[in-house]
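Okay, structure first, notes after.
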Amino acid sequence: MANMYYDENPDSAHDIHELKVTLLDKPFVFLTDSGVFSKKMIDFGSQVLLKSLHFKEGDSLLDLGCGYGPLGISLAKVQQVEATLVDINNRAVDLALKNAAKNQVEVNVFQSNIYENVSGYFDHVISNPPIRAGKKVVHEIIEKSIEFLHPKGDLTIVIQKKQGAPSAIEKMNAIFGNVDIIAKDKGYYILRSVKDENS
Numbered sequence: 002m003a004n005m006y007y008d009e010n011p012d013s014a015h016d017i018h019e020l021k022v023t024l025l026d027k028p029f030v031f032l033t034d035s036g037v038f039s040k041k042m043i044d045f046g047s048q049v050l051l052k053s054l055h056f057k058e059g060d061s062l063l064d065l066g067c068g069y070g071p072l073g074i075s076l077a078k079v080q081q082v083e084a085t086l087v088d089i090n091n092r093a094v095d096l097a098l099k100n101a102a103k104n105q106v107e108v109n110v111f112q113s114n115i116y117e118n119v120s121g122y123f124d125h126v127i128s129n130p131p132i133r134a135g136k137k138v139v140h141e142i143i144e145k146s147i148e149f150l151h152p153k154g155d156l157t158i159v160i161q162k163k164q165g166a167p168s169a170i171e172k173m174n175a176i177f178g179n180v181d182i183i184a185k186d187k188g189y190y191i192l193r194s195v196k197d198e199n200s
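Just add 1 to wherever you are in the sequence shown, counting from 1, and you've got the working numbering.
Listed below in structure tokens is the structure:
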């Protein structure tokens, strides 16, 4: 049985819902389904992450583990970033494509197991990492992000203190040589590391 949101092909019965939400002070509509992360609402961690992101128009963004697309799609629409959305879950990718069209947003969406199918460089990598997939996956998201960032580009993730924020802080500092806690809310930490301009 493949029913977890971090499975490539969930086989749970479809249960499509339509979410009407306000993100970054703008209205959005998202289709969700069983077998994807946080299908009944935009999870609190993603909302805290989104509120902490302030990008420039035209910046390139990789939304890693995008789910049905609320982060990348809302940032593309409101902040006018050039967003690429990837997820291991084919059901999530299909929903993200539909949701981009539904919200009249142009983004690049495709299936990828972490960075497996990703190429090029980005100004920003963001992730609400799949904690239940295990620390190894979370650490790979952190470790390999630096290979896909422009100099002075940044990685920003959300993680709960009780679900591994201290080890994520340690890992980000080891990889980038810096890490900042840019926001905290109800046990959720927003962590950011910046790639050295000489890297």
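Each residue gets a CB set at the ideal place from its N, CA and C atoms; glycine is no exception.
query: Considering only the beta carbon of each residue, do Val108 and Ala84 sit closer than 9 Å?
result: Yes, Cβ-Cβ distance for Val108 and Ala84 is below 9 Å.
Neighbourhood of Gly73 by C-beta distance below 7 Å, restricted to the same chain and skipping five residues each side: Leu62, Asp64, Cys67, Ala84, Leu86, Val108
C-beta contact flag for Tyr190 and Ala166 at 9 Å: The Cβ atoms of Tyr190 and Ala166 sit closer than 9 Å to each other.
message: Just to confirm my understanding: we take Val79, look at its own chain, exclude 5 residues before and 5 after, and list those with CB closer than 8 Å. What are they?
response: Leu24, Leu25, Asp26, Lys27
query: From Ile160 to Asp88, what does the alpha carbon distance come to, in whole angstroms?
result: Each residue's alpha carbon lies about 18 Å from the other.
query: Looking at C-alpha atoms only, which residue of Ile132, Ile115, Gly121 is the closest neighbour of Lys163?
result: Ile132
- request: State yes or no: is the C-beta of Ala97 within less than 9 Å of the C-beta of Val82?
  value: no
query: According to DSSP, is Asp186 helix, strand or coil?
result: strand
Arg92 versus His15 - alpha carbon distance: 10 Å
query: Can you tell me whether His1 is buried or exposed, with buried defined as 16 or more other CB within 10 angstroms of its CB?
result: It is not possible to answer for residue 1, since the shown part of the chain is limited to 2 through 200.
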